[in-house]
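Take a look at the structure set out below.
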Amino acid sequence: MKLAIAGKGGSGKTSISGTMARLLARGGQRVLAIDGDSNPNLALTLGIPAERMGDMPTLPSDLLRRTAAGTELTQSLEQIKASHSVTGPDGVDLLVMAHPQHANTGCLCQMHATVRTIIDAVSNDGRDVCILDTEASPEHLSRGTAIYADALLAVVEPYFKSLETGRRMAVLAQDLGLERVALVANKIRDEREEDAVRAFAAKHDIEVGGLVPFDECFITAERASEAPLDHAPDAAAILAIDEIAHRWAGVGVGNGRA
Ligand SMILES: Nc1ncnc2c1ncn2[C@@H]1O[C@H](COP(=O)(O)OP(=O)(O)O)[C@@H](O)[C@H]1O
Ligand SMILES: [Mg+2]
């Protein structure tokens, strides 16, 4: 299963992507996490120590070559992982699309194309999971970076601008032809907020792919520079993400709708 995680800035994309990746890897899946944010911080949520961030490899810009049919990778996915990924706790492999090390270095079109082709190269074997953590803008959809994902989860908070951003991303993903598109409600504090998300989703005919409660564990994990999963493995939000991860990866628990 190949999942793209989108949504407004701060909605919780990275927290959910990273925690899902760890939980699925822990459950025996082979997980490739791709940090597609040009301001990457998925590593920390995966539990890769901050000290390793400085020398984190990013994808080089020469991994694609043109062919008559379009483009292809110049190396196999296994070679790319061997030379450009970092393996974190639970065996999650992390590829980082780009890092803003220098100002004024131009656009990331080539890197978006590279990530798109890498996602295509991930096998459809049931054991393989690829999770793309995207940036807040709809770039990954307008550039087609997420086109080879099987599903898009748009993470939304229970207020209008966040819901509306999620809806726009859902529409773009449907335009791209992604098979399944859903909203994941995050930071839900009470029934009234849950109802607001469900009513919005129903009005726009978008599936609700799961609910994650507001949980202090994310804030205290950040303060402690720990992955949420390591900091508070039994927190309600972690259990909710576990359920969503397994439902969307097509394995284990769930398979019903939230
Ligand atoms: N369910 C939640 N409850 C409380 N805080 C959360 C929750 N999910 C994420 N956060 C916090 O919200 C902030 C933004 O989360 P992040 O995952 O970085 O968002 P994004 O990747 O969408 O920009 C972080 O401080 C994170 O700890
Ligand atoms: Mg993020």
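Going by the numbering used here, 751 is the number at position 212 of the sequence shown; the sequence numbering is gapless. Where a beta carbon is used, it is the ideal one built from N, C-alpha and C, also for glycine.
For Pro752, the distance from the CB to the nearest heavy atom of ligand 1 is below 7 Å. Taking the Cα of Ile544 as reference, the smallest distance to any Cα among Asp744, Gly789, Gly705 is reached at Gly705.
Exposed is the label assigned to Cys646, since fewer than 16 other Cβ atoms lie within 10 Å of its Cβ. Residues Met559, Leu562, Leu563 of the same chain have their beta carbon placed closer than 7 Å to that of Ala784, with the five preceding and five following residues left out of the count. In its chain, beyond the 5 residues on either side, Arg561, Ala564, Arg565 have a beta carbon closer than 7 Å to the beta carbon of Asp629. Here DSSP, grouped into helix, strand and coil, assigns Glu765 to coil.
Ligand 2 never approaches Lys726 closely enough for any of its heavy atoms to be under 7 Å from the residue's Cβ. With respect to the 8 Å criterion, Leu702 and Leu680 are not classified as neighbours on the basis of their beta carbons. For Ile758, the distance from the CB to the nearest heavy atom of ligand 1 is below 7 Å. The three-state secondary structure of Thr626, taken from DSSP, is strand. Proximity of the beta carbon of Gly548 to ligand 1 is indicated: a heavy atom of the ligand is located closer than 7 Å. For Thr553, the distance from the CB to the nearest heavy atom of ligand 1 is below 7 Å. For Val736, the three-state secondary structure derived from DSSP is helix. Two segments are said to touch when three or more pairs of C-beta atoms, one from each, lie closer than 8 Å; by this definition the segment 544-553 touches the segment 691-701.
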